[in-house]
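Chains B and U, in that order, are what the protein sequence lines are.
Take 1 as the starting number for the first sequence in UniProt numbering and just add one per residue.
Take 1 as the starting number for the second sequence in UniProt numbering and just add one per residue.
2 protein chains.
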Amino acid sequence: MSPHEITAGCRSVTPLLARIGDKWTILIVMLLSAGPRRFNEIKRLVDGISQRMLTLTLRNLERDGLVTRTVFPTIPPRVDYALTPLGQSLRVPVMALGRWVTENRDTMERSRTAFDGREGA
Amino acid sequence: MSPHEITAGCRSVTPLLARIGDKWTILIVMLLSAGPRRFNEIKRLVDGISQRMLTLTLRNLERDGLVTRTVFPTIPPRVDYALTPLGQSLRVPVMALGRWVTENRDTMERSRTAFDGREGA
DNA sequence: CGGAATCCGCTTTGATACTG
DNA sequence: CAGTATCAAAGCGGATTCCG
Chain B
1 MSPHEITAGC RSVTPLLARI GDKWTILIVM LLSAGPRRFN EIKRLVDGIS
51 QRMLTLTLRN LERDGLVTRT VFPTIPPRVD YALTPLGQSL RVPVMALGRW
101 VTENRDTMER SRTAFDGREG A
Chain U
1 MSPHEITAGC RSVTPLLARI GDKWTILIVM LLSAGPRRFN EIKRLVDGIS
51 QRMLTLTLRN LERDGLVTRT VFPTIPPRVD YALTPLGQSL RVPVMALGRW
101 VTENRDTMER SRTAFDGREG A
């Protein structure tokens, strides 16, 4: 496989990485993996998220088919969000990445400290 | 495990995802997995990257201990970049994510088209 | 309750020019 | 060759206000 073929193949992966690497997506996916939640329920549980970003993040997840949005036409309105099977399946590779992080976080942190020390001097 | 514990655990994963989800990191990691490369060699192979972003991306990778930078004090200067064992190990979970993308890209794309169709109407 | 609309600052990225 | 410096453009995220 030529270098250009390698990089060409990765260009399809990066967009997803960028999507789930944004500030809130993973948090919400993992939270919903425990079961459906209402809008304000998520807002309370995900510390620090603004109403705007929660709306946008959920909308994108719905658009990608990772989350379903169910409206109950009651008063006051109620909207449930739940992971689709596709969303559930995404948890597998994401948690593999999570394991890599927990296993190598200290190594990376030491590397950073050493690097920054060399620079500061 | 409580919802807050779930989201708290994910907060350590998101920073890495954000790092490798940026525009160029994955491309460079995968390219270097085939062997060391010189600066301008990478620049040629990674289509569209600017000199500035290549410098910044490589510096961050070096800082995180994923890539080594070797300077040959010749004239003209020569600098080789290579993946560390840590960088090599990162390929495993990243490629798992890559497989998920290739397996589910079509499903996601259909979901997006359907979603956008509902909106436009 | 669950949003939508607006404004605004910060960060990321790119283009360009210069250097040892 | 392998960078650094500077500037401008774009995108992301936050705070606030309004609505059915």
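Where is the CB? At the ideal position from N, CA and C, for every residue including glycine.
Within chain B, partners of residue i - CB distance below 7 Å
i             : result
V46 (chain U) : T7
G65 (chain U) : T107, M108 and S111
Residue i at chain B interface by Cβ criterion, 9 Å
i             : result
V71 (chain U) : no
L56 (chain U) : no
D80 (chain U) : no
G21 (chain U) : yes
L83 (chain U) : no
Cβ separation of residue i and residue j, assumed to be a contact under 8 Å, to the nearest whole Å
i                     : j              : result
V13 (chain U)         : V101 (chain B) : 5 Å
residue 133 (chain U) : I26 (chain U)  : With chain U covering 1 to 121 only, the question about residue 133 (chain U) has no answer from this structure.
Which residues DSSP lists as bridging residue i, in chain order
i             : result
T70 (chain B) : B:D80
R37 (chain U) : U:Y81
Proximity below 9 Å, CB of residue i to CB of residue j
i              : j             : result
G9 (chain U)   : I20 (chain B) : no
P73 (chain B)  : L45 (chain U) : no
T68 (chain U)  : W24 (chain U) : no
T7 (chain B)   : L31 (chain U) : yes
N104 (chain U) : S89 (chain B) : yes
Y81 (chain U)  : F39 (chain U) : yes
R112 (chain U) : R63 (chain B) : yes
L17 (chain U)  : L97 (chain B) : yes
M108 (chain U) : L86 (chain B) : yes
T70 (chain B)  : P36 (chain B) : yes
Residue-chain proximity (residue i, chain U), Cβ-Cβ < 9 Å
i              : result
G117 (chain B) : no
M53 (chain B)  : no
P36 (chain B)  : no
T74 (chain B)  : no
S40 (chain B)  : Looking at the sequence itself, residue 40 (chain B) is Asn, so the reference to Ser does not match. Cβ-Cβ to chain U under 9 Å: no for N40 (chain B).
P77 (chain B)  : no
Beta-carbon neighbours of residue i, restricted to chain B and to distances below 8 Å
i             : result
S50 (chain U) : None at all; the shortest Cβ gap to chain B is about 15 Å.
Contact list for residue i against chain U, beta-carbon separation under 7 Å
i             : result
G98 (chain B) : V13
Under 9 Å from the C-beta of residue i: neighbouring residues of chain B
i             : result
L61 (chain U) : The premise fails here: L61 (chain U) is roughly 10 Å from chain B at the closest Cβ pair, so nothing lies under 9 Å.
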